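S.K.:
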DNA sequence: CCTACCGATCGGTAGG
DNA sequence: CCTACCGATCGGTAGG
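Residue numbers (our numbering), protein chains in the order written: chain D, 8 to 203; chain F, 8 to 203.
(1) Using the Cα positions of residue 20 of chain D and residue 65 of chain D, report the straight-line distance between them to the nearest angstrom.
(2) Between the segment 80-94 of chain F and chain D, which residues of the former have a C-beta closer than 8 Å to a C-beta of the latter?
(3) Whole angstroms are fine: how far does the CA of residue 31 of chain D sit from the CA of residue 73 of chain F?
(4) For residue 177 of chain F, is the classification buried or exposed, using 16 other Cβ atoms within 10 angstroms of its Cβ as the cut-off for buried?
(5) Is the shortest distance between the beta-carbon of residue 195 of chain F and the beta-carbons of chain D less than 7 Å?
(6) With DSSP as the reference, label residue 81 of chain D as helix, strand or coil.
(7) Do the segment 22-30 of chain F and the segment 95-114 of chain F meet, that is, are 3 or more Cβ pairs less than 8 Å apart?
(8) Using the beta-carbon count (16 or more within 10 Å), is residue 162 of chain F buried or exposed?
(9) Between which residues of its own chain and residue 75 of chain F is the CB-CB distance below 8 Å, once the five residues before and five after are set aside?
(10) Which chain F residues sit within Cβ distance under 9 Å of residue 168 of chain D?
(11) Applying the criterion that 16 or more other CB atoms from any shown protein chain within 10 Å of the CB defines a buried residue, is residue 83 of chain D buried or exposed?
(12) Check each candidate in D/70, D/89, D/85 and name the one with the smallest Cα separation from residue 79 of chain D.
(13) Could you confirm whether any beta carbon from chain F is found closer than 7 Å to the beta carbon of residue 140 of chain D?
(14) Any C-beta of chain F sitting closer than 7 Å to the C-beta of residue 9 of chain D?
(15) Counting along the chain, where does the alpha helix (DSSP H) carrying residue 93 of chain D start and finish?
(16) Which residues, in chain order, does the segment 119-135 of chain D contribute to contact with chain F at a C-beta distance below 9 Å?
(17) Quick one: which chain F residues come within Cβ less than 7 Å of residue 150 of chain D?
(18) Taking a contact to mean a Cβ-Cβ separation below 7 Å, would you say residue 22 of chain D touches residue 36 of chain D in this structure?
(19) Output the distance between the C-alpha atoms of residue 119 of chain F and residue 33 of chain F, rounded to the nearest integer angstrom.
(20) Would you say residue 134 of chain F touches the ligand ZN, meaning its beta carbon is less than 6 Å from a heavy atom?
(21) With three or more beta-carbon pairs closer than 8 Å as the criterion, would you say the segment 114-133 of chain F touches the segment 182-195 of chain F?
(22) For residue 8 of chain D, which three-state DSSP category applies?
(23) Please report the straight-line C-alpha distance between residue 43 of chain D and residue 57 of chain D, rounded to a whole angstrom.
(24) What number of angstroms, rounded off, separates the C-alpha of residue 8 of chain D from the C-alpha of residue 53 of chain D?
(25) Please return the same chain residues whose Cβ sits closer than 6 Å to the Cβ of residue 226 of chain D, not counting the five positions on each side in sequence.
(26) Starting from the Cα of residue 117 of chain F, find the closest Cα among F/77, F/40, F/16, F/62 and give me that residue.
(27) Compute the beta-carbon to beta-carbon distance between residue 149 of chain D and residue 86 of chain D, rounded to the nearest angstrom, for a pair I have assumed lies under 8 Å.
(28) Could you give the residue range of the alpha helix (DSSP H) that holds residue 135 of chain D?
(29) Can you tell me which of the three DSSP states residue 150 of chain F falls into?
(30) Please classify residue 119 of chain F: does DSSP put it in a helix, a strand, or coil?
(31) Could you give the DSSP three-state label for residue 16 of chain D: helix, strand or coil?
(32) Using a Cβ cut-off of 8 Å, pull out every chain F residue sitting near residue 192 of chain D, in sequence order please.
(33) Give me the Cα-Cα distance between residue 175 of chain F and residue 106 of chain F, rounded to the nearest whole angstrom.
(34) At a CB-CB cut-off below 8 Å, which residues of chain F make contact with residue 188 of chain D?
(35) Are the CB atoms of residue 160 of chain F and residue 172 of chain D within a distance shorter than 7 Å?
(36) Give me, in chain order, the residues of the same chain whose beta-carbon lies closer than 8 Å to that of residue 94 of chain F; leave out the 5 immediate sequence neighbours on both sides.
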């Protein structure tokens with residue numbers, strides 16, 4: 008049994024990398040098999056289909072995102088602290104799974120139904136954690152009078168792109184990246200006061 | 008001649024849409040032909056190859072981005088005004104070419120050499136406009152002591168995602184979106200003062 | 001995990 | 001812009 012599990016994990020690992028580099032559609036089962044030094048037909052002993060692999064990648068990391076954010080205690084902190092913590096855990100999941108994150112953000116649309124709908128539903132559910140933080144922050148005047156939906160989308164655009172430029176060999180640590188992103192989202196880059 | 012030009016523009020228009028929806032690799036020449044009510048072989052009278060279409064889409068909108076940003080007068084304005092204007096023209100190009108922008112941001116990696124290198128070089132050149140604005144703003148203390156490279160990347164992540172959520176039928180106008188994005192990037196969402 | 005193979009589809013060409 | 005077609009490659013199966 009152990010061998011099967013390992014092989015499946017290996018397939019996923021190689022697939023994450025190739026799906027990221029070339030895209031899901033442009034990666035063939037033969038490409039995958041070549042990287043694993045087996046024949047394409049042998050892959051089907053471990054996975055049901057090519058899309059089966061994509062599903063596993065997408066929903067595994069979705070699960071990581073939920074597990075991380077659900078550990079945040081939403082009752083004992085201010086909205087700005089909550090937001091910083093949410094950003095930090097989100098960024099950590101991405102950085103710990105760079106290939107999977109890239110696939111998650113780019114290739115999910117190749118999921119077939121009903122998985123596609125399930126995926127979109129999960130994403131909306133996840134967004135609600137951030138919506139909640141923003142609404143709380145507006146209510147307590149911690150945040151300005153912002154458009155919640157627009158701001159949630161903008162926060163995600165800002166923090167999701169991390170997988171694109173983060174390099175483990177780079178000079179910025181994951182914590183520094185999280186801090187800088189939180190800082191930009193909370194305070195911006197200007198030294199001047201906001202004109203409202 | 009006019010007919011040929013129109014047909015080529017039609018091919019590009021349909022291709023932008025399909026490449027966006029399904030991705031470059033997952034869109035076949037037969038898909039394109041079907042949408043145009045012609046046969047796949049007939050496409051080759053107008054275009055050299057499938058990638059030829061991708062190249063046109065990517066480099067045309069790249070040109071739009073440059074034309075727009077080159078019209079900004081970099082000498083008579085403060086860094087914060089410059090940044091607002093750069094963001095605004097950038098967002099306008101995206102909103103005026105939603106399909107092409109989506110292809111530009113997602114499918115460029117399917118370009119072959121030497122076009123891929125040319126594309127990346129152009130993108131770096133374009134980023135330099137923003138680098139210049141940030142450096143000027145830091146020098147004049149308009150911006151805080153930020154990491155320039157990181158901030159340029161973060162600004163692009165924040166503003167590029169517009170193509171994903173902008174809907175012409177939505178309640179926010181392009182100008183409002185630009186203003187909100189500039190506001191977030193310059194001042195953030197917090198009402199508190201920045202703690203340095 | 002392999003060999004052998006299938007039907008479908010791909011990008012593209014020849015020739016009109 | 002069409003018909004007719006090509007070699008290559010695709011995801012996947014049968015049977016071991």
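Backbone N, C-alpha and C define an ideal beta-carbon position, used for all residues, glycine too. Just so you know, these numbers come straight off a predicted model, no measurement behind them.
M.R.: From the atom records:
(1) Start at 1 with the first residue of the first chain, and residue 20 of chain D comes out as number 13. Start at 1 with the first residue of the first chain, and residue 65 of chain D comes out as number 58. Spanning the two alpha carbons is a distance of roughly 12 Å.
(2) 87
(3) In the second chain, residue 73 of chain F corresponds to position 66, counting from 1. In the first chain, residue 31 of chain D corresponds to position 24, counting from 1. Residue 73 of chain F and residue 31 of chain D: Cα-Cα distance of roughly 31 Å.
(4) As a first step, residue 177 of chain F must be located in the second chain, where it is residue number 170. So residue 177 of chain F counts as exposed.
(5) Within the second chain, residue 195 of chain F is the residue found at index 188, counting from 1. Output row for residue 195 of chain F: interface = yes.
(6) Here the question's residue 81 of chain D lines up with position 74 in the first chain. Three-state DSSP puts residue 81 of chain D in coil, outside helix and strand.
(7) yes
(8) Taking the first residue of the second chain as 1, we reach residue 162 of chain F at position 155. So residue 162 of chain F ends up on the buried side.
(9) Residue numbering aside, residue 75 of chain F sits at position 68 when the second chain is read from its first letter. If we look at residue 75 of chain F and ignore the five residues flanking it on each side, its Cβ neighbours are 96, 97, 99, 100.
(10) Here residue 168 of chain D is taken as the residue at index 161 of the first chain, counted from 1. Within 9 Å Cβ-Cβ: 160, 161, 163, 164, 165, 167, 168.
(11) In the first chain, residue 83 of chain D corresponds to position 76, counting from 1. Exposed, by the Cβ-count rule.
(12) Residue 79 of chain D sits at position 72 when you count from the first residue of the first chain. That would be D/89, whose Cα lies nearest to the Cα of residue 79 of chain D.
(13) Your numbering for residue 140 of chain D matches position 133 in the first chain. Taking Cβ atoms only, chain F never reaches closer than 7 Å to residue 140 of chain D, which makes this a no.
(14) Taking the first residue of the first chain as 1, we reach residue 9 of chain D at position 2. Model confidence at residue 9 of chain D stands at a pLDDT of 47, short of 50, so the residue's coordinates are unreliable; what they give is reported in the following sentence. Not one chain F Cβ lies under 7 Å of residue 9 of chain D.
(15) Counting from 1 along the first chain, the entry for residue 93 of chain D is found at position 86. Residues 86-103.
(16) none
(17) Counted from its first residue, the first chain places residue 150 of chain D at position 143. Residues of chain F passing the Cβ test: 196, 197, 198.
(18) Against the first chain, residue 22 of chain D aligns to sequence position 15. Against the first chain, residue 36 of chain D aligns to sequence position 29. No, Cβ-Cβ distance for residue 22 of chain D and residue 36 of chain D is not below 7 Å.
(19) Looking up residue 119 of chain F in the second chain gives position 112. Looking up residue 33 of chain F in the second chain gives position 26. Those two C-alpha atoms are separated by around 17 Å.
(20) Inclusion of the ligand ZN in the displayed structure is not the case, the ligand content being empty and no account of it being possible.
(21) The segment 114-133 of chain F makes no contact with the segment 182-195 of chain F: fewer than 3 CB pairs, one atom from each, lie closer than 8 Å.
(22) Residue numbering aside, residue 8 of chain D sits at position 1 when the first chain is read from its first letter. Interpretation of residue 8 of chain D is limited by its pLDDT of 45, a score under 50 that renders its predicted location unreliable; the figure taken from the coordinates is listed afterwards. DSSP places residue 8 of chain D in coil when its eight states are reduced to three.
(23) Indexing the first chain from 1 puts residue 43 of chain D at position 36. Indexing the first chain from 1 puts residue 57 of chain D at position 50. Cα to Cα, residue 43 of chain D sits roughly 15 Å from residue 57 of chain D.
(24) For this step, residue 8 of chain D is matched to residue 1 along the first chain. For this step, residue 53 of chain D is matched to residue 46 along the first chain. Legend: pLDDT at residue 8 of chain D = 45, less than 50; position of this residue unreliable, no value from coordinates given.
(25) Summary: the structure shown does not reach residue 226 of chain D, with chain D confined to residues 8 through 203, and so no result is reported for it.
(26) Mapped onto the second chain, residue 117 of chain F falls at position 110. Answer by Cα proximity: F/62.
(27) For this step, residue 149 of chain D is matched to residue 142 along the first chain. For this step, residue 86 of chain D is matched to residue 79 along the first chain. Confirmed, about 4 Å.
(28) Taking the first residue of the first chain as position 1, residue 135 of chain D is located at position 128. Per DSSP, the unbroken alpha helix (DSSP H) holding residue 135 of chain D starts and ends at 122-146.
(29) For the purposes of this step, residue 150 of chain F is taken as the residue at position 143 of the second chain. If DSSP states are grouped into helix, strand and coil, residue 150 of chain F belongs with the strands.
(30) Within the second chain, numbered from 1, the residue matching residue 119 of chain F stands at position 112. It is coil, neither helix nor strand.
(31) Translated into the one-based positions of the first chain, residue 16 of chain D becomes position 9. In this structure, residue 16 of chain D counts as helix in the three-state DSSP scheme.
(32) Here residue 192 of chain D refers to the residue found at position 185 of the first chain. Within 8 Å Cβ-Cβ: 191, 195, 196.
(33) Position 168 of the second chain, counting from 1, holds the residue named residue 175 of chain F. Position 99 of the second chain, counting from 1, holds the residue named residue 106 of chain F. Going by the C-alpha atoms only, they are around 13 Å apart.
(34) Position 181 of the first chain holds residue 188 of chain D. Per Cβ cutoff of 8 Å: 161.
(35) For the purposes of this step, residue 172 of chain D is taken as the residue at position 165 of the first chain. For the purposes of this step, residue 160 of chain F is taken as the residue at position 153 of the second chain. Going by C-beta atoms, residue 172 of chain D is nearer than 7 Å to residue 160 of chain F.
(36) Locating residue 94 of chain F in the second chain gives position 87, counting from the first residue. Same-chain partners within the cutoff: 162, 166, 185, 188, 189, 192.
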